[in-house]
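> Each residue of the sequence shown is one higher than the last, beginning at 1 in UniProt numbering.
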Amino acid sequence: MCRNIRVLHNFEPATTDDEVREAALQFVRKVSGSTHPSRANSAAFDRAIDEIAAATRRMLDELVTNAPPKNREDQAIKGRERHEKRMEREVRIRTAAV
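(1) Going by the DSSP bridge assignment, what does Asn71 pair with across the sheet?
(2) Assuming Leu25 is part of the alpha helix (DSSP H), what are its boundary residues?
(3) Just to confirm the assignment: which complete alpha helix (DSSP H) runs, minimum length 4, are found wholly within the stretch 34-98?
(4) Give me the residue from Ala96, Glu84, Gln75 and Pro69 with the minimum Cα distance to Glu12.
(5) Near Asp74, which residues of its chain fall below 7 Å by C-beta distance, leaving aside the five closest residues on each side in sequence?
(6) Beta carbon of Met59: closer than 7 Å to some heavy atom of the ligand NAP?
This is the structure we're talking about:
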């Protein structure tokens with residue numbers, strides 16, 4: 001999965017439309033293999049972003065959970081910790097190969 005796409009469900013405060021659109025943009029970029037479409041493809045690119053964002057918003061609005069809402073700061077800390085562990089592993093692998 002693309003690392004730039006984040007979990008958007010069950011947060012307090014709720015996920016914003018901007019966050020949903022950013023996730024849709026990242027998805028379309030990943031699937032298309034392009035960060036900036038040509039003029040010929042920009043309409044299709046933009047339409048895909050709009051449709052995916054709308055579908056994502058509908059899904060998020062319909063999801064039900066009994067779990068308590070997640071805290072954005074706690075999730076960011078956990079993400080940084082995962083990143084640090086990943087980087088430590090990579091350094092160990094690279095230095096062991098030398």
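C-beta: ideal position from N, C-alpha, C; glycine also. What you are looking at is a predicted structure, and each value in this text was computed from that prediction instead of being measured.
By the coordinates alone:
(1) Glu12
(2) Asp17 to Ser32
(3) 39-62 and 72-97
(4) Pro69
(5) Same-chain partners within the cutoff: there are none.
(6) Questions concerning the ligand NAP fall outside what the structure shown contains, since it holds no ligand whatsoever.
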